[in-house]
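Mapping to my numbering: the sequence shown position 86 is 266, numbers consecutive.
Quick reminder that beta carbons are idealized off the backbone N, C-alpha and C, glycines included.
Accompanying notes for the structure given below.
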Amino acid sequence: GAFLGAIMPTRLHKNRKKRGHVSAGHGRVGKHRKHPAGRGNAGGQHHHRILMDKYHPGYFGKVGMRHFHLKRNPQHCPVVNVDKLWTLVSEQARTTARKDGALPVIDAGRAGYFKVLGKGRLPQVPVIVKAKFFSQDAEKKIKAAGGACVLTA
């Protein structure tokens, strides 16, 4: 917009070429008027309907049900599957797990996951998994590997 004039020198403006030509390229009959079709999205259901129907079908109207005061927080529950559990800790945690007696701990909550789901295969390494929620399949697989599921708040 408005600031372009300050950047560009006058001699480069297109209308220097039009000096001395009365209508400056906008025509005598039709004339250059301010906003003959309305500003912005005006006339979407009236004189611009063809454009709206052609390029923006479904722009007008409603869809779905209204949910007053929708709270996203209570529904927030990022999930991780058991086949990805070991990616949440370092590689060495997995290798040292087999040597000394202490079981490795995978805290899903610390990695930003609330729930552990049961897709895929879990390596047969006993491990303690901490999370807010476990699906039944996930719990089975973790216990089958000799591990434990610890619920956190």
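| Asked | Found |
| --- | --- |
| Just to confirm, are S203 and H212 a CB contact at a threshold of 9 angstroms? | yes |
| Between the Cα of A217 and the Cα atoms of R246, H228, A186, which residue gives the shortest distance? | H228 |
| For I322 and L283, which I take to be in contact (beta-carbon distance under 8 angstroms), what is that distance rounded to the nearest angstrom? | With 8 angstroms as the limit, I322 and L283 do not qualify as a contact, their Cβ atoms being about 11 angstroms apart. |
| So is T190 in contact with chain C if we call contact Cβ pairs under 9 angstroms? | Looking for chain C here will not work: only one protein chain is present. |
| Can you give the Cα-Cα distance for A318 and D287, rounded to whole angstroms? | 14 angstroms |
| Considering only their Cβ atoms, is the gap separating G327 from V296 smaller than 9 angstroms? | no |
| What residue from A273, W266, K312, S270 has the CA that sits closest to G300's CA? | W266 |
| Please go through the same chain and pick out, in chain order, the residues whose beta-carbon is closer than 8 angstroms to the beta-carbon of G207, but skip the five residues on each side of it. | none |
| Tell me, please, which residues DSSP counts as bridged to C329. | V309 |
| For L297, write down the residues that DSSP places opposite it in a beta bridge. | N261 |
| Just how far apart, CA to CA, sit V262 and G298? | 5 angstroms |
| Considering only the beta carbon of each residue, do Y134 and L268 sit closer than 9 angstroms? | The displayed coordinates of the chain run from 181 to 333. Any statement about residue 134 would go beyond what the structure contains. |
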